[in-house]
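Structure first, then comments.
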Amino acid sequence: MGDEYYLKIHRVGAFRIERGYSAAIGYPEPGVDLSSFQAAFFHGVAPWLLQRQDWDCLHASAVLIPAGVVIFCGPSGCGKSTLARAWSERGAAIYADDAAPFLVRDGVAMSARIPQRLRLREPAASHFPIERHDPFSASSASRELTYDLEPTLRPVSSIYWPEPAAGGMRCAGPVIERVPATEAFSLLLSEAHCMSLRDPACNRKMVRNYLSLVRSVPVFRLRYPLHLDLLPAVLAELERCEKASVRDGRARASSRPAGCMEG
107 MGDEYYLKIH RVGAFRIERG YSAAIGYPEP GVDLSSFQAA FFHGVAPWLL
157 QRQDWDCLHA SAVLIPAGVV IFCGPSGCGK STLARAWSER GAAIYADDAA
207 PFLVRDGVAM SARIPQRLRL REPAASHFPI ERHDPFSASS ASRELTYDLE
257 PTLRPVSSIY WPEPAAGGMR CAGPVIERVP ATEAFSLLLS EAHCMSLRDP
307 ACNRKMVRNY LSLVRSVPVF RLRYPLHLDL LPAVLAELER CEKASVRDGR
357 ARASSRPAGC MEG
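And the structure:
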């Protein structure tokens, strides 16, 4: 409608997106509490607003560890949220669920954090303790909300494409393999948050961002048994892989002459 867009989420409400995609006005349906309405905005509307600006958003869960942000990207049901929640039990901070916004600055991929509730399916939801922190608790809900992503920017360490054992069958253990950049580009682009492909300039920006992402960040395929009792072994292998990636990155950096950048 002119310079504005309207988005409606069934049984939640509607959002009017203002020109420039930097602000939205919400109209919750009767009976929808403010905290649930804001949660719906950050899960369903904010990724699209960001994608219309300099950002792009992966359909992903993520955790923050000392090396940076580790992203689990893949289709629904592959265990992204479960892996993030399991890693948080070992000290990682949950950084994203459903949408992981990123951009690339000076050749470095950076991810930011937007408020999102971790949404686990059964049986994982019953397996883990209830999270103590809710970013949308009724006591903290406000009718006007401003959120700045810049202070939450952190470098992306690695991206994993989870592939649980077919049919829930047990496998010998987790297997992690590096994905070539050309294949990684196709995989990640298939899980991009994108509302429309009718804007050529936005499409070119999205392709540039994903090409830069796979050039600057290692992408791994994670084949693993999707059994809750085997998660500790999966997380131990992920932590081992992250430590190896950090060592490899330092080795590459130290082997380059001063002033040169890796192509």
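The sequence shown begins at 107 in our numbering and counts up one residue at a time. Glycine included, C-beta positions come from ideal geometry on N, C-alpha and C.
Discussion item. At the level of alpha carbons, what is the spacing between A271 and D204?
Written reply: 22 Å
Worksheet item: What are the start and end residues of the beta strand (DSSP E) that includes F121?
Response: G119 to I123
Worksheet item: Should P159 and C300 be called a contact, given that it needs their Cβ atoms to be closer than 8 Å?
Response: Note that residue 159 is Gln in the sequence shown, not Pro. No; because the gap between Cβ atoms is not below 8 Å, this pair is not in contact.
Item to complete: Tell me whether R346 is buried or exposed, calling it buried when 16 or more other Cβ atoms sit within 10 Å of its Cβ.
Response: exposed
Worksheet item: Which term fits P186, buried or exposed, when burial requires 16 or more other beta carbons within 10 angstroms of its beta carbon?
Response: Note that residue 186 corresponds to Lys in the displayed sequence, not to Pro. K186 comes out buried.
Fill in: Closest Cα partner of S220 within the set A146, I171 and V214
It is Ile, not Ser, that sits at residue 220 in the sequence shown. The candidate whose alpha carbon is nearest that of I220 is A146.
Worksheet item: When burial is assigned at 16 or more other CB atoms within 10 Å of the CB, is T288 buried or exposed?
Response: exposed
Item to complete: Go ahead and pull the three-state DSSP assignment for S245.
Response: The predicted position of S245 is uncertain, since its pLDDT is 45 and thus under 50; a value taken from the coordinates is nonetheless stated next. Residue state, collapsed to three classes: helix.
Worksheet entry | Secondary structure, beta strand (DSSP E): runs of 3+ residues fully inside the stretch 287–340 | 325–330
Worksheet entry | Check whether I123 and L164 have beta carbons under 8 Å apart | no
Worksheet entry | Expected contact under 8 Å - CB spacing of L295 and W267 to nearest Å | The Cβ separation is near 12 Å, so there is no contact.
Fill in: Span separating the alpha-carbon of I177 from that of A152
18 Å
Practice prompt. Using a threshold of 8 Å, state whether the C-beta atoms of S351 and S217 are closer than that.
Written response: no
Worksheet entry | Buried or exposed by the 16-neighbour rule on C-beta atoms within 10 Å, applied to E250 | exposed
Discussion item. My output table needs one value for W193: the three-state DSSP class, helix, strand or coil.
Written reply: helix
Worksheet entry | Nearest-angstrom Cβ-Cβ length linking R327 and V262, presumed shorter than 8 Å | With 8 Å as the limit, R327 and V262 do not qualify as a contact, their Cβ atoms being about 17 Å apart.
Practice prompt. Tell me where the alpha helix (DSSP H) around G150 begins and ends.
Written response: L140 to G150
Worksheet entry | Distance, Y112 Cα to R362 Cα | Residue confidence for R362 is low, a pLDDT of 42 falling below 50, so the modelled location carries little weight; the figure read from the coordinates is stated next. Answer to the nearest angstrom: the Cα atoms are 50 Å apart.
Practice prompt. For C366, name the three-state secondary structure that DSSP assigns.
Written response: Bear in mind that a pLDDT of 29 at C366, under 50, signals an unreliable position, so the number given afterwards is only what the model happens to contain. Note: C366 maps to coil in three-state DSSP.
Worksheet item: Since F208 and W161 are thought to touch, with beta carbons under 8 Å apart, how far apart are those beta carbons, to the nearest angstrom?
Response: 7 Å
Practice prompt. Counting only the same chain and skipping the five closest in sequence on each side, list residues whose C-beta sits under 7 Å from that of V320.
Written response: A287, A290, F291 and L294
Worksheet item: Are there 16 or more other CB atoms within 10 angstroms of the CB of N315, so buried, or fewer, so exposed?
Response: buried
Practice prompt. Just tell me which of L334, A130 and I115 has its CA closest to the CA of V138.
Written response: I115
Worksheet entry | E256 vs P181 beta-carbon contact at 8 Å | no
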